[in-house]
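Below is one structure; the comments refer to it alone.
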Amino acid sequence: MPKETKKAVAMRILVTGGAGFIGSHFLRLLLKRDNATLIVNLDALRYSGNLDNLRDVASHPRYRFVHGDICDAKTVEALIKAHRIDTIANFAAETHVDRSILEPAGFVRTDVIGTAVLLEAARTAGVRRFLQVSTDEVYGDVSTGRSKESDPVAPRSPYAASKAAADLLVQSYFTTYGAQVLITRGSNTFGPNQYPEKFIPLFVTNALEDQALPLYGDGLQQRDWIHVEDHCTGIATVLERGTPGEIYNIGGGCERRNKEVAQAILNILGKPGALIRHVTDRLGHDRRYALNCEKVRTLGWQPQANFEDALKSTVLWYQDNPRWWGKIKSGEFREYYERLYGARLST
Ligand SMILES: NC(=O)c1ccc[n+]([C@@H]2O[C@H](COP(=O)([O-])OP(=O)(O)OC[C@H]3O[C@@H](n4cnc5c(N)ncnc54)[C@H](O)[C@@H]3O)[C@@H](O)[C@H]2O)c1
488 MPKETKKAVA
498 MRILVTGGAG
508 FIGSHFLRLL
518 LKRDNATLIV
528 NLDALRYSGN
538 LDNLRDVASH
548 PRYRFVHGDI
558 CDAKTVEALI
568 KAHRIDTIAN
578 FAAETHVDRS
588 ILEPAGFVRT
598 DVIGTAVLLE
608 AARTAGVRRF
618 LQVSTDEVYG
628 DVSTGRSKES
638 DPVAPRSPYA
648 ASKAAADLLV
658 QSYFTTYGAQ
668 VLITRGSNTF
678 GPNQYPEKFI
688 PLFVTNALED
698 QALPLYGDGL
708 QQRDWIHVED
718 HCTGIATVLE
728 RGTPGEIYNI
738 GGGCERRNKE
748 VAQAILNILG
758 KPGALIRHVT
768 DRLGHDRRYA
778 LNCEKVRTLG
788 WQPQANFEDA
798 LKSTVLWYQD
808 NPRWWGKIKS
818 GEFREYYERL
828 YGARLST
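Shown next, in the form of structure tokens:
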């Protein structure tokens, strides 16, 4: 690689939400990817934020952790200034659709207001690049074909609507101020360190405990799955080579029905199919998401993982790390689980 290109890659980056699932993998990837980037992780350590995800990099000389809220403009402005931040990648969000149905207000606060605070702080401080980590859920239910970046957003849950609102704000900063913004829209992500409220880690850890796997409705909802490492290399590629103002879909190209994934998990663990319990469906549950990823491929990215192998290694990670998820499942999670599934599982 020519010297100039190497220099251009080194950043002083603020990663928000870096103690969560995807953010923690992204931080680790960046630390490995070049030997000059400085990373500041701003995370409010909400229920899904977990410093255990970052134990191996906690004392890395090019990594700093700041405990704080992206909605707090003073904190954000101060740390951009103190660390001479030139790039922001915003992973911080409330991320679980079911929680957004129970309590939508927090999603508007963090996902919309928080993004607005970051954008404004970035603009006033002259931050060079801003990448917003978004989701395929903003396109809404896609019964046929695959969503393209030029498709209109049609979110159907408070989570998806908050993320779509944030995307529109980010785009407005490009049009209005010429800010160098990028948006990635990733598909359903899985891998180690995912909070066990989400489909795959919930089903794996329930199966490991011989508990019922609560499958919504007929279980025929279809998702495009991507392994977390592929999602992170996609985000890094867009950050390095994407065109400002543009949106990039990042999908794994592995479409599977929820029921198939549940059965595959049980097969890997050698557990009986009878653990699957069909329960009352999620309100407004989207049947299918699917992404057209031709645009990000033009940047030279493509997913590496094979779904079956990556699912197996993910299942085995949870099997080998019961302390990681055991701690979570005995805390706040219990109350949430009872609220969401208690009545569903008792009928
Ligand atoms: N998980 C997926 O399948 C998926 C798919 C596509 C896109 N995304 C997007 O990727 C991003 C990361 O998702 P994830 O699955 O890692 O979520 P996560 O819930 O594991 O992590 C979110 C992190 O954000 C932090 N956070 C929440 N509110 C905050 C606030 N106000 N200020 C600072 N930090 C705050 C949390 O403490 C946590 O560490 C999100 O923006 C999400 O919308 C996720």
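The sequence shown runs contiguously to residue 834 in the working numbering. Note that beta-carbon positions come from the ideal geometry of N, C-alpha and C, so glycine has one too.
Residue i versus residue j - alpha carbon distance
i      : j      : result
Lys746 : Arg710 : 11 Å
Ala592 : Ile734 : 26 Å
Asn693 : Val629 : 30 Å
Arg837 : Arg672 : A question about residue 837 goes unanswered here, because the residues of the chain that appear run from 488 up to 834.
Asn754 : Glu684 : 21 Å
Arg744 : Tyr776 : 11 Å
Ile687 : Trp712 : 10 Å
Tyr534 : Glu819 : 8 Å
Val748 : Asp717 : 19 Å
Lys519 : Leu618 : 20 Å
Gly721 : Lys782 : 11 Å
Gly732 : Ala792 : 29 Å
Val668 : Val657 : 7 Å
Gly632 : Ile737 : 16 Å
Tyr828 : His772 : 15 Å
Val544 : Thr724 : 22 Å
DSSP bridge partner residues for residue i (one or two, in chain order)
i      : result
Ile670 : Gln619 and Ile734
Leu689 : Per DSSP, none; premise fails for Leu689.
Val527 : Leu501 and Arg551
Glu742 : Asp711
Asn680 : Paired residue(s): none; Asn680 is not in a bridge.
Asn675 : Trp712
Exposed unless 16 or more other CB atoms sit within 10 angstroms - verdict on residue i
i      : result
Thr503 : buried
Thr662 : exposed
Pro679 : buried
Tyr682 : buried
Ala666 : buried
His547 : exposed
Asn808 : exposed
Ser637 : exposed
Coil, strand or helix - residue i by DSSP
i      : result
Ile713 : strand
Glu607 : helix
Leu702 : strand
Arg784 : helix
Val766 : strand
Leu778 : strand
Ile575 : strand
Ser836 : Only positions 488 to 834 of the chain appear in this structure, which leaves residue 836 out of reach.
Asn522 : coil
Asp638 : coil
Tyr828 : helix
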